[in-house]
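S.K.: Got a structure for you, questions after.
Now the structure itself:
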């Protein structure tokens, strides 16, 4: 994409371009590649779990291996698949939606990706060094303590997640600053697209939630590596403390995952209904409220821990309250479609399928909120069914919807609709087949996280059905990969306004977006800025500035090396090899020093180098 | 008006069918949907209330979704721009207030139940006190009123409140008898006698005699899946016979070679009657228990892979504990074939005949 120009900054090509890029669009694609890869890994783990449970007393995997699989499935899907794929959409879309040329801190953005990737790879290295973590994705102590997990598995969890967590935290801060400071002229907060609002609130949640996880992980790391006693009961530590710290992070994490999906659904449904989002201001209010309440309910994961009736009652009621703003969102989506002209593209199929599916996950959430009844549901397959309805039926359907919707903007080609619909129907039917029945398994007494079950308990048929459903979901994913391959070979080129009904700023520029996004920053005259111009008979946005040279950040290899340094340091400290550990940290600090001392003013793209003169529709 | 009546007429059979389905679901000794005691019944009542409210919500959302999808789909060649509605205050208020009302309907009985089920019977002299201690991967039950230690099988009298104090000897576990009561975690903490730390309390009751399946519900290591136990509810007279029999002395094997092997290998960790030590499961009445290790079901008509006679199961367990329960602390003891046979035979005959 880069053309010859008269500046001294080195421009890379090929692999080096991807390793050094600070362009949010390319970083978005990197997040998608890495997140997609881990999604396949986590999916494979899920399939293995379901094969093991296909019949009673099966011996497809051993008990130890099964615990590793369930731990890594959860950890991978949450931290290494779902979050990066959300970051992929954030990176690909947010700067375009707010009319910005990049995020506030492009270098930090690249660093965020590479630290996440280093942490993710480190976690999965454990498979080849004697066993993955096996104490569950919640890593409850004392099971995760050095006494009961003396192997290295949990160390990989503790250190891998710390490194990946740095990436998430700085990513969240970056998007907070970007959304606050870099909106195009005229785009007030109450004119921001709903997806941008969702990411804004999500970033705030990341800012407050992830430090709690980091604190917990550091404490556990000290227990494991340096014989500290934060959670060692015999020496005066407290195991319940870990549960609190974990869920003070863990519950907001649920909303960090689902709010972006809410944002995607809002955009897709509005676009393909050709209608303004119904009740925009109440949607914004509901999102803020969900984000706020999300921090007030962590102990509902701990009703059986023994907090006493006062705490259980308060957390029951607080949890139920979240149903109100969530309900507001559901009905606003339905009434956005009401009276609209609904086109069922694949993206919209996923969005429309999301609504009833997510409601089913939501209502079981309210059921779980009733503490005395939760004594029965807790840690049974009912809970497994519930959170898969929310995370797969909510978040993953949302991500699929968003990927199909923004694919043309990210890659310049339209995904194949036939394959897309095949993806939707196999995945959707497979999903309900896998998880609906698990509610009943749980109610009939099947605990979660069990590597096998005895014969004659009445669990056999339902588990068989569930496993068949899991294979269908796998098939759906294969169709999606097939679609990507077919599209990249012979896909239809996408127009700027790829869906013809685009409402927001990203559809005013070519697909894929040029390096500098907007040749001229657009002037935003209302909510649904592009739609407003179209309705007023304009073909393009009014520019807010004259055509001029565009200041761009320089690419850098430093973020990659900083992350490699952390990766080495993590491995070194884990195996108590302090030379290697110190060396890794030294590499990271050296990169930081270079970054601080070296002046780099970036470069400029002059008006005559622009692909498109002026802002086009 | 007519329309609403119709909706009601259609929903009622749906609810009735749903309730029927729920109450018929699962084994009576295992399913939360088939409660066998007042605590599980109260929890099931709350579940039914919640499910009913949620079905109303789901049906409404599904109905609107279906209507919208069918009615407002874009026909080919349709290029009209729909009216760009901004919102509707009346509707927003409706779908804010109605959920709030539904939550009050669910919230009041919830809070009521939270406090009701947290009632403390541990000081009640009429209740049977049981101190539950969980271990990787077995359950220890101590009856302080009778000074009886037992394992894997909780024998209780029918119709009495059972007051449980639960702690863990190692990692977190969760004590769950689905058909009698919801679960409570067992936290590691200081000894129960101090009454401090993270000991948890709960109570339950079994009005009907019978056997109920118990499960561990918190990931606790490799054999978490196999950490089952049984609750055996018997009439009060039988219970009294059981407690009395626990105190009577037990004879060791008559064959001196077997006796020697037993004392040297088994009784260094286990207890039989007044002999041995109480570190690991008490074997005093192991021959009359329903299972070996909580999962090998003792029966003369074996149907499944985990079933066999008491003798066969004991033999299978002693021969290779790791093959039955991966990660168990029970070692594979060096014993001759005859010794294993003799010990298994002796143990399978350690019976207390208390059910008349």
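Protein chains in written order, with UniProt numbering: chain B, 1 to 617; chain C, 1 to 356.
All residues carry an ideal CB built from backbone N, CA and C; glycine is no exception.
Can you tell me whether residue 105 of chain B is buried or exposed? The criterion is at least 16 other CB atoms within 10 Å of its CB, across all chains shown.
M.R.: Flag for residue 105 of chain B reads buried.
S.K.: Got a sec, what are the start and stop residues for the alpha helix (DSSP H) residue 238 of chain C sits in?
M.R.: That run of the alpha helix (DSSP H) goes 236–247.
S.K.: Below 7 Å CB to CB, which residues in the same chain sit around residue 192 of chain C once its five sequence neighbours on both sides are set aside?
M.R.: Unreliable positioning characterises residue 192 of chain C in this predicted model, as indicated by a pLDDT of 48, which lies under 50. A coordinate reading is not provided.
S.K.: May I ask which residues mark the beginning and end of the beta strand (DSSP E) holding residue 154 of chain C?
M.R.: Note, residue 154 of chain C: beta strand (DSSP E), 153–157.
S.K.: If the cut-off is 8 Å on Cβ atoms, which residues from the region 334–366 of chain B count as contacting chain C, listed in chain order?
M.R.: Of all residues in the region 334–366 of chain B, 334, 335, 337, 338, 339, 340, 341, 342, 343, 344, 352, 355, 356, 359, 360, 363, 364 and 366 have a Cβ within less than 8 Å of some Cβ in chain C.
S.K.: Is it right to say residue 596 of chain B is buried, meaning 16 or more other beta carbons lie within 10 angstroms of its own, or is it exposed?
M.R.: Classification of residue 596 of chain B: exposed, given that the 10 Å Cβ count is below 16.
S.K.: Less than 8 Å between the beta carbons of residue 271 of chain C and residue 290 of chain C, yes or no?
M.R.: No, the Cβ-Cβ distance between residue 271 of chain C and residue 290 of chain C is not below 8 Å.
S.K.: Buried or exposed for residue 14 of chain B, going by 16 or more other Cβ atoms inside 10 Å?
M.R.: The residue in question, residue 14 of chain B, is exposed, as its Cβ has fewer than 16 Cβ neighbours within 10 Å.
S.K.: When burial is assigned at 16 or more other CB atoms within 10 Å of the CB, is residue 388 of chain B buried or exposed?
M.R.: Buried.
S.K.: Is the beta carbon of residue 255 of chain B closer than 8 Å to that of residue 308 of chain B?
M.R.: Their beta carbons are not under 8 Å apart, which means residue 308 of chain B does not touch residue 255 of chain B by this criterion.
S.K.: Can you find the residues in the same chain that come closer than 7 Å, C-beta to C-beta, to residue 195 of chain C, ignoring five residues on each side of it along the sequence?
M.R.: Model confidence at residue 195 of chain C stands at a pLDDT of 46, short of 50, so the residue's coordinates are unreliable; what they give is reported in the following sentence. Excluding positions up to five away in sequence, the list is empty.
S.K.: Can you list, in chain order, the residues of the region 503–530 of chain B whose Cβ is nearer than 7 Å to any Cβ on chain C?
M.R.: Flagged: no residues at all.
S.K.: With 16 other CB atoms within 10 Å as the buried threshold, where does residue 75 of chain C fall?
M.R.: Exposed: under 16 other Cβ atoms inside 10 Å.
S.K.: Beta carbons nearer than 8 Å to chain B: which residues of the region 216–232 of chain C have them?
M.R.: Flagged, chain order: 216, 217, 218, 219, 220, 221, 222, 223, 224, 225, 226 and 228.
S.K.: Which chain C residues sit within Cβ distance under 9 Å of residue 316 of chain B?
M.R.: The answer, in chain order, is 107, 110, 111 and 114.
S.K.: Determine the closest residue to residue 207 of chain B out of B:184, B:231 and B:167, with distance taken between C-alpha atoms.
M.R.: Comparing Cα-Cα distances from residue 207 of chain B to each of B:184, B:231 and B:167, the minimum goes to B:167.
S.K.: Please check if any C-beta of chain B sits within less than 8 Å of the C-beta of residue 77 of chain C.
M.R.: Judged by the 8 Å Cβ criterion, residue 77 of chain C is not in contact with chain B.
S.K.: By how many angstroms is the C-alpha of residue 99 of chain B removed from the C-alpha of residue 550 of chain B?
M.R.: Answer to the nearest angstrom: the Cα atoms are 14 Å apart.
S.K.: Interface residues of chain B around residue 62 of chain C at Cβ under 7 Å?
M.R.: Residues of chain B passing the Cβ test: 356.
S.K.: Roughly how many angstroms lie between the CA atoms of residue 476 of chain B and residue 226 of chain B, to the nearest whole one?
M.R.: Going by the C-alpha atoms only, they are around 46 Å apart.
S.K.: Heavy atom of the ligand PLP less than 7 Å from the Cβ of residue 495 of chain B, yes or no?
M.R.: With respect to small molecules bound, the structure shown includes none, and the ligand PLP cannot be examined in it.
S.K.: Can you pull out the residues from the region 169–183 of chain C whose beta carbon lies closer than 8 Å to at least one beta carbon of chain B?
M.R.: So the close ones are 170, 171, 172, 174, 176, 178, 179, 181, 182 and 183.
S.K.: In whole angstroms, give me the CA-to-CA distance for residue 64 of chain B and residue 322 of chain C.
M.R.: Near 12 Å, if we compare the C-alpha coordinates of residue 322 of chain C and residue 64 of chain B.
S.K.: Entirely within the region 457–503 of chain B and at least 4 residues each: give me those alpha helix (DSSP H) ranges in chain order.
M.R.: Whole alpha helix (DSSP H) segments, 4+ residues: 460–490.
S.K.: In angstroms, rounded to a whole number, what distance separates the CA positions of residue 283 of chain B and residue 94 of chain B?
M.R.: Approximately 18 Å between the Cα atoms of the pair.
S.K.: For the putative contact between residue 298 of chain B and residue 250 of chain B, defined by C-beta atoms under 8 Å, what is the C-beta separation to the nearest angstrom?
M.R.: Sure, about 7 Å apart at Cβ, within 8 Å.
S.K.: Output needed for residue 51 of chain B: all residues of its chain with C-beta closer than 6 Å, excluding positions within five of it in sequence on either side, in chain order.
M.R.: Excluding positions up to five away in sequence, the list reads 60.
S.K.: Between C:87, C:68, C:356 and C:50, which lies nearest to residue 663 of chain B when the distance is taken from Cα to Cα?
M.R.: Given a span of 1 to 617 for chain B in the structure shown, any question on residue 663 of chain B remains unanswerable.
S.K.: Leaving out five residues on either side along the sequence, give the residues of the same chain with a beta carbon under 7 Å from the beta carbon of residue 22 of chain B.
M.R.: Answer for residue 22 of chain B: 106, 107, 109, 110, 553, 555 and 556, listed in chain order.
S.K.: Between residue 417 of chain B and chain C, is any beta-carbon pair separated by less than 8 Å?
M.R.: Cβ-Cβ to chain C under 8 Å: no for residue 417 of chain B.
S.K.: Can you check which of these residues, C:310, C:294, C:293 and C:295, is closest to residue 301 of chain C by C-alpha distance?
M.R.: The shortest C-alpha separation from residue 301 of chain C is found at C:310.
S.K.: Which residue marks the beginning of the beta strand (DSSP E) containing residue 604 of chain B, and which one marks its end?
M.R.: 603–605 is the span of the beta strand (DSSP E), which, as asked, contains residue 604 of chain B.
S.K.: Would you kindly report the start and end of the unbroken alpha helix (DSSP H) that includes residue 591 of chain B?
M.R.: Looking at the DSSP string, the run of the alpha helix (DSSP H) that includes residue 591 of chain B is 578–597.
S.K.: Count the other CB atoms, across all protein chains shown, that sit within 10 Å of the CB of residue 236 of chain B; report buried if there are 16 or more and exposed otherwise.
M.R.: With fewer than 16 Cβ atoms within 10 Å of its Cβ, residue 236 of chain B is classed as exposed.
S.K.: Identify each residue in the region 233–260 of chain B for which the Cβ-Cβ distance to at least one residue of chain C is less than 9 Å, and report them in chain order.
M.R.: Going along the region 233–260 of chain B in chain order, one finds 233, 234, 238, 239, 240 and 243 with a Cβ nearer than 9 Å to chain C.
S.K.: Starting from the C-beta of residue 304 of chain C, find all residues in its chain whose C-beta is less than 8 Å away, skip the five residues before and the five after it, and write them out in chain order.
M.R.: Only 297 meet the Cβ criterion.
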